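Colleague:
Numbering (my numbering), first residue to last: 471 to 684.
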């Protein structure tokens with residue numbers, strides 16, 4: 471925990487997410503968070519108690535997510551969100567009592583049907599009770615915009631924001647991207663998305679982090 475300066479920053483006061491006080495209110499109990507990514511290691515010892523039995527693979531359309539050791543990104547993201555607390559293993563997540571729903575697209579590379587597959591994953595997550603959908607992917611500063619942009623994907627995002635959580639709206643979290651300055655699509659296409667970038671320990675924006683230019 472002492473290495474997680476984003477949670478508790480002892481070098482620069484007030485440059486963190488104030489997690490210790492937040493945990494006095496909630497640790498995410500009862501919250502379902504879909505991670506639409508390359509797949510999650512469902513046997514990981516710092517995640518296994520926080521993994522929902524529900525999962526989905528967007529490429530095959532099967533209700534079972536896919537994971538191989540070559541694709542670690544989804545597991546990393548899931549740990550940031552919901553790694554277990556006080557188990558003397560690795561780290562702790564922001565919401566260590568939440569449940570992770572794995573939604574896999576193992577390659578996450580531009581192809582003619584990627585946009586449709588991602589839209590299907592978002593729609594499936596909404597239909598299966600996701601309160602939040604985390605999307606740490608995008609078009610790399612516009613490089614793959616032509617391959618990724620579609621009305622199917624945009625409609626799925628708007629539907630989630632409008633109709634998810636029984637009409638309250640599913641929270642859609644996107645990475646701003648790592649090709650500054652232009653924020654990635656689809657994070658940048660709709661103001662209702664919650665778009666997250668990265669900083670250094672002193673709160674200066676990371677050099678590669680995209681920020682506020684659409």
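C-beta: ideal position from N, C-alpha, C; glycine also.
Computed from a prediction, not measured in an experiment: that's the story for all the values here.
My output table needs one value for residue 618: the three-state DSSP class, helix, strand or coil.
Modeller: Along the chain shown, read from residue 1 onward, the residue named residue 618 stands at position 148. Reduced to three states, the DSSP call for residue 618 is helix.
Colleague: For residue 636, collect the residues of the same chain with a Cβ closer than 7 angstroms to its Cβ; drop the 5 residues on either side in sequence, then sort them by chain order.
Modeller: If you number the chain shown from 1, residue 636 lands on position 166. Correct list: empty, nothing qualifies.
Colleague: Quick one: what does DSSP say residue 585 is sitting in, helix, strand or coil?
Modeller: What you label residue 585 is simply residue 115 of the chain shown in a count that begins at 1. The answer is helix: DSSP assigns residue 585 an H, G or I state.
Colleague: So what does residue 644 bridge to, in DSSP terms?
Modeller: Start at 1 with the first residue of the chain shown, and residue 644 comes out as number 174. Partner(s): 605, 665.
Colleague: Spatial neighbours of residue 466 within its chain, please: CB distance less than 8 angstroms, with the 5 preceding and 5 following residues excluded, ordered by chain position.
Modeller: In this structure the chain extends from 471 to 684, so residue 466 is not present and cannot be described.
Colleague: In the DSSP assignment, find the unbroken alpha helix (DSSP H) run with residue 491 in it and report its ends.
Modeller: If you number the chain shown from 1, residue 491 lands on position 21. Element bounds for residue 491: 489-493.
Colleague: Give me the Cβ distance between residue 450 and residue 511, rounded to the nearest whole Å; I'm assuming they're in contact under 8 angstroms.
Modeller: Residue 450 lies beyond the residue range present for the chain, which begins at 471 and ends at 684; the question has no answer from this structure.
Colleague: Taking the alpha-carbon positions, what's the residue 634 to residue 568 distance?
Modeller: The count along the chain shown starts at 1 and reaches residue 634 at position 164. The count along the chain shown starts at 1 and reaches residue 568 at position 98. Roughly 18 angstroms separates the two Cα atoms.
Colleague: Roughly how many angstroms separate the alpha carbons of residue 575 and residue 471, rounded to a whole number?
Modeller: The count along the chain shown starts at 1 and reaches residue 575 at position 105. The count along the chain shown starts at 1 and reaches residue 471 at position 1. Roughly 31 angstroms between the two C-alpha positions.
Colleague: Taking the straight line between their C-alpha atoms, what separation do you get for residue 586 and residue 619?
Modeller: Here residue 586 corresponds to residue number 116 of the chain shown, with the count starting at 1. Here residue 619 corresponds to residue number 149 of the chain shown, with the count starting at 1. Taking the straight line from one Cα to the other gives about 10 angstroms.
Colleague: What whole-angstrom Cβ distance do residue 655 and residue 627 have, given they're in contact under 8 angstroms?
Modeller: Translated into the one-based positions of the chain shown, residue 655 becomes position 185. Translated into the one-based positions of the chain shown, residue 627 becomes position 157. With a Cβ gap of about 11 angstroms, residue 655 and residue 627 do not count as contacting.
Colleague: Starting from the C-beta of residue 490, find all residues in its chain whose C-beta is less than 7 angstroms away, skip the five residues before and the five after it, and write them out in chain order.
Modeller: Residue 490 sits at position 20 when you count from the first residue of the chain shown. These residues qualify, in order along the chain: 478.
Colleague: Just mark residue 482 as buried or exposed, buried being the case when its beta carbon has 16 or more other beta carbons within 10 Å.
Modeller: If you number the chain shown from 1, residue 482 lands on position 12. Burial call: exposed.
Colleague: Could you check whether residue 599 and residue 502 sit closer than 7 angstroms to each other, using their CB atoms as the reference points?
Modeller: Taking the first residue of the chain shown as position 1, residue 502 is located at position 32. Taking the first residue of the chain shown as position 1, residue 599 is located at position 129. A contact, by the Cβ cut-off of 7 angstroms.
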